[in-house]
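The sequence shown lines up with residues 1 to 683 when you count with full-length UniProt numbering.
Each residue gets a CB set at the ideal place from its N, CA and C atoms; glycine is no exception.
I have placed the structure first, in the form of structure tokens, so that the comments after it can refer back to it.
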Amino acid sequence: MPSVLSKLADYFTSPYASSNVNVAQIRKLIERIFEIYKNNRTLLGRTIWIVSVYLLYLRKSGSSRKRPTGIPTAEETARKKKRVEVDTIFFDRLKKILKIVIPGLRSKELWLLVVHSGFLVFRTILSVYVAALDGRIVSALVRGNAKDFLTGIVWWMIVAIPATYTNSMFRTRLTRHIHQKYLSDMTFYAIGNLDDRIKNADQCITVDTMKFCNSLSELYSNLAKPILDVFIYNIQLAKNVGGEGLFALSLMVHISSVILRALTPPFGKMVAEEQRLEGEFRFTHSRLIENAEEIALYSGHDVEKAILDRNYFALIKHVNRIFRMRVFHGMMEDFIIKYLWGALGLILCSVPVFFTVPGVKKGDLGSRAEGFITNRRLLLSSSDAFGRIMYSYKEITELAGYTARVSELLDTFDAVKAGRYEKQLVSSASTDENAAVLSGRGEVIEDAATIEFIDVPIVSPNGDVLLKKLNFYVRSGMHLLIVGPNGCGKSSLFRILGGLWPVYGGTVHRPNPRDIFYIPQRPYLSLGTLRDQIIYPHTVTEMTERGINDQSLQEILNIVQLNNIVEREGGWDKEREWKDALSGGDKQRIAMARLFYHRPKYAILDECTSAVGLDIEKIMYTHATGGYVFTKLDAERRLKLQEEKQHLEQKLIEVPKLQARLSDLKAMLSERDAEGNFSTATH
């Protein structure tokens, strides 16, 4: 059978047979070119592959260098945040997160991946052996050799080892890192109150982190082996059918994959939007549960139902849109991968049958059948591997969406920790005077012996300037009463003192946080035992180290008139939902018991006795004399002042009635005087 090179020479020279051109010279020239190519085939083939890889590298590096220079505008920054694509930004984000989930060479996660990768390589080597074994089985079948056929079947069964996979521990490592950042430096408070970038941090920490880790670990399994398979199978195919045909096939596959990628919808951006809509839908439900009593009293169920329906149908509409796009994309993907690439593969497998390939022996009918089956098996495996890589592109775009969400969460944590907030401001914040206040930054001096504010503005998180300059000080042993209407900045002052709100100007002197204790009007009760409620935020170990036992805690409870709460609730170790189990008065007494347990230098009492009677308030303040926090407080005098206040308020209620009666009397006297004057004039 003539060689493929001779056939090509005949093909190119036949049109010139009837022309005046010297056909023999052209034929000789073509044969000379083919002879040179044949002698340098290996070198030229490797050069073509190296040039192809280099051109691909230049294309990728060129796109990565196309980045904006200078300071980006607000519009560009917003557009960058919304952009979710498989590009250099995605790989930068993924690299940052991978440093968290795989922290070093000695980490458990890395060694799990190494073991997992070893199994993947072993499976690929077995697949190559199975492909050759399939060819030998068919060859034995064609030749009618029963012994070789049965031997091949036995070996085929032996090497059919089930796949072994190792699950990565990405989620554990990433969740611990996020929790550490979220619960340090008041970040959990700042995310929800001082910054608008993360609307639903709970959704990002729980659901998005889980989906990111699942997607990343599954993508590694679904992508690592196919890439290895394509590499090994193509090397073997190049030996069997020649590098030229494989290169032509690879070029066609590359062109079709570029077309497929261009027609692929932005699934990554859609997944990120889906997660955002799911978070808003969950937040609406949690908001309904949190405010159920108020909504029920207002009969606002219809309004809330409309809000829930609006968020739900927005989510469903977006999900259905994704499904519709996936149907079209799946049909197009199946046609290109299964049928187009399959047809090209069959043509490639037939090359050694119809043409003479350098380095490949022809053999008899059985050998040709063996070669065809082996090449077809390798091609199918390579095509399947490349198909999985193409299918994985959709998974990569979804991973890009999850990566964007998790990366935005981590970036926001870092920005908040550094004091950089993004908050929707009120309209008054845009005035020149208020803008000047918001642009400033004050100084905070800790470990001071006193509490002192020097020219400190009180500014809410939304930019509302409540007070432009506040000056006061409190030394140990002093008492300071802060009064004023709602919204004037009383609680805001405490938040600045506690480090929750930023200081926009002036100087704040404050003691160490452990020397200040804050008791709000609605005390927080944690999950845990009854003992944990009193010693919060200490643990039992810390309580024991301070030399305090349950008997000491019982004495504190006796002070706040909660003598029988331990027996009533089932003991110190009883765990309940305490915010529901205790009344408002009991909660405030528990908060006061915490104060007596911690014994700080300073206490901030924010209407902490509003739910208890004056007699209990008297007991609390009386016991606080000297030994715990306060110096002497005259509780008897305060009680008398309260009674006098109530008496005066009662009199003030009667003032409008007395004024109306006085007006009536004046009118009657005026009428009587007018009648008397008329009688005198008549006489």
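Subject >> Proximity below 8 Å, CB of Glu577 to CB of Leu530 >> reply: For this step, residue 577 is matched to residue 577 along the sequence shown. For this step, residue 530 is matched to residue 530 along the sequence shown. No, they are not a contact pair.
**OP:** From the DSSP output, in three-state form, read off Gly528 for me.
**Re:** By 1-based counting over the sequence shown, the position of residue 528 is 528. Residue state, collapsed to three classes: strand.
Original post:
Cβ of Ile496 within 8 Å of Cβ of Lys490?
Top reply: Indexing the sequence shown from 1 puts residue 496 at position 496. Indexing the sequence shown from 1 puts residue 490 at position 490. No, Cβ-Cβ distance for Ile496 and Lys490 is not below 8 Å.
**OP:** Count the other C-beta atoms from every protein chain shown that fall within 10 angstroms of the C-beta of Pro72, then say buried if there are 16 or more, exposed otherwise.
**Re:** Stepping through the sequence shown from its first residue, residue 72 is reached at position 72. Low local confidence applies: a pLDDT of 41 at Pro72 is under 50, so the model's placement there is unreliable, and no value is given.
Original post:
How long is the line joining the alpha carbons of Ala591 and Thr539, rounded to whole angstroms?
Top reply: Along the sequence shown, read from residue 1 onward, the residue named residue 591 stands at position 591. Along the sequence shown, read from residue 1 onward, the residue named residue 539 stands at position 539. Looking at the two C-alpha atoms, the distance is approximately 16 Å.
**OP:** Express the C-alpha separation of Ala314 and Tyr518 in angstroms, rounding to a whole number.
**Re:** Along the sequence shown, one-based indexing puts residue 518 at 518. Along the sequence shown, one-based indexing puts residue 314 at 314. Near 42 Å, if we compare the C-alpha coordinates of Ala314 and Tyr518.
Original post:
Can at least three beta-carbon pairs, one atom from the stretch 262–278 and one from the stretch 293–308, be found at a separation below 8 Å?
Top reply: no
**OP:** Enumerate in chain order the residues of its own chain whose CB-to-CB distance from Ala660 is below 7 Å, with the five nearest sequence positions on each side excluded.
**Re:** Within the sequence shown, numbered from 1, the residue matching residue 660 stands at position 660. Answer for Ala660: no residue qualifies.
Subject >> Exposed unless 16 or more other CB atoms sit within 10 angstroms - verdict on Gly571 >> reply: Position 571 of the sequence shown, counted from the start, is the residue given in the question as residue 571. That one is exposed.
Original post:
What residue does the beta strand (DSSP E) around Asp455 start on, and which one ends it?
Top reply: In the sequence shown, residue 455 corresponds to position 455, counting from 1. Per DSSP, Asp455 belongs to the beta strand (DSSP E) from 451–459.
Original post:
Name the DSSP beta bridge partners of Leu605, please?
Top reply: For this step, residue 605 is matched to residue 605 along the sequence shown. Per DSSP, Ile519.
Subject >> Simplified DSSP state of Leu94, which is helix, strand or coil >> reply: Taking the first residue of the sequence shown as 1, we reach residue 94 at position 94. Here Leu94 sits in helix by DSSP.
Subject >> Simplified DSSP state of Leu277, which is helix, strand or coil >> reply: The count along the sequence shown starts at 1 and reaches residue 277 at position 277. Helix.
Original post:
What are the start and end residues of the alpha helix (DSSP H) that includes Lys423?
Top reply: Taking the sequence shown and counting its residues from 1, the one referred to as residue 423 is at position 423. Careful: Lys423 lies outside any alpha helix (DSSP H) and carries neither H nor E.
**OP:** Return the residue from the list Glu542, Arg594, Arg310 that minimises the CA-CA distance to Asn558.
**Re:** Residue mapping note: residue 558 aligns to position 558 of the sequence shown, counting from 1. When only C-alpha atoms are compared, the closest one is Arg594.
Original post:
Contact between the stretch 600–615 and the stretch 505–525: three or more CB pairs below 8 Å?
Top reply: yes
Original post:
How should Glu75 be labelled, buried or exposed, when 16 other C-beta atoms within 10 angstroms of its C-beta is the threshold for buried?
Top reply: By 1-based counting over the sequence shown, the position of residue 75 is 75. The predicted model places Glu75 with a pLDDT of 43, which falls under 50 and marks its position as unreliable, so this point remains unresolved.
**OP:** Identify, in the order they occur along the chain, each residue of the same chain with its Cβ nearer than 6 Å to the Cβ of Ser286, setting aside the five sequence neighbours on each side.
**Re:** In the sequence shown, counting from the first residue as 1, residue 286 sits at position 286. So no residue of the chain qualifies.
Original post:
Nearest to Tyr536 by alpha carbon, out of Arg599, Ser583, Val560, Gln561?
Top reply: In the sequence shown, residue 536 corresponds to position 536, counting from 1. When each option's Cα is compared against that of Tyr536, the closest is Arg599.
Original post:
Considering only C-alpha positions, which residue in the set Thr412, Gly401, Lys423, Ile322 is nearest to Asp196?
Top reply: Numbered from its first residue, the sequence shown carries residue 196 at position 196. The shortest C-alpha separation from Asp196 is found at Lys423.
Original post:
How long is the line joining the alpha carbons of Phe90 and Phe494, rounded to whole angstroms?
Top reply: Here residue 90 is taken as the residue at index 90 of the sequence shown, counted from 1. Here residue 494 is taken as the residue at index 494 of the sequence shown, counted from 1. C-alpha separation (whole angstroms): 42 Å.
**OP:** Would you mind sorting Gly401 into buried or exposed? The rule is 16 or more other CB atoms within 10 Å of its CB.
**Re:** Position 401 of the sequence shown, counting from 1, holds the residue named residue 401. So Gly401 counts as buried.
**OP:** Specify the secondary structure class of His509 as computed by DSSP and reduced to three states.
**Re:** Translated into positions along the sequence shown, residue 509 becomes position 509. Correct three-state label for His509: strand.
**OP:** Just mark Leu183 as buried or exposed, buried being the case when its beta carbon has 16 or more other beta carbons within 10 Å.
**Re:** Reading the sequence shown from its first residue, position 183 is the one you call residue 183. So Leu183 ends up on the exposed side.
Original post:
Out of curiosity, what's the CA-to-CA distance linking Ser552 and Thr544?
Top reply: For the purposes of this step, residue 552 is taken as the residue at position 552 of the sequence shown. For the purposes of this step, residue 544 is taken as the residue at position 544 of the sequence shown. Computed Cα separation, rounded: 11 Å.
Subject >> Presumed contact (8 Å Cβ cut-off) between Leu466 and Cys488, rounded CB distance >> reply: Along the sequence shown, read from residue 1 onward, the residue named residue 466 stands at position 466. Along the sequence shown, read from residue 1 onward, the residue named residue 488 stands at position 488. 7 Å between Cβ atoms; contact.
Original post:
With burial defined as no fewer than 16 other Cβ atoms inside 10 Å of the residue's Cβ, what is the status of Thr209: buried or exposed?
Top reply: Within the sequence shown, the letter at position 209 stands for residue 209. It is buried - the Cβ of Thr209 has at least 16 other Cβ atoms within 10 Å.
**OP:** For the beta strand (DSSP E) holding Leu445, just list the boundary residues, first then last.
**Re:** The residue labelled residue 445 in the question sits at position 445 within the sequence shown. In the sequence on display, residue 445 carries Ile and not Leu. Element bounds for Ile445: 443–445.
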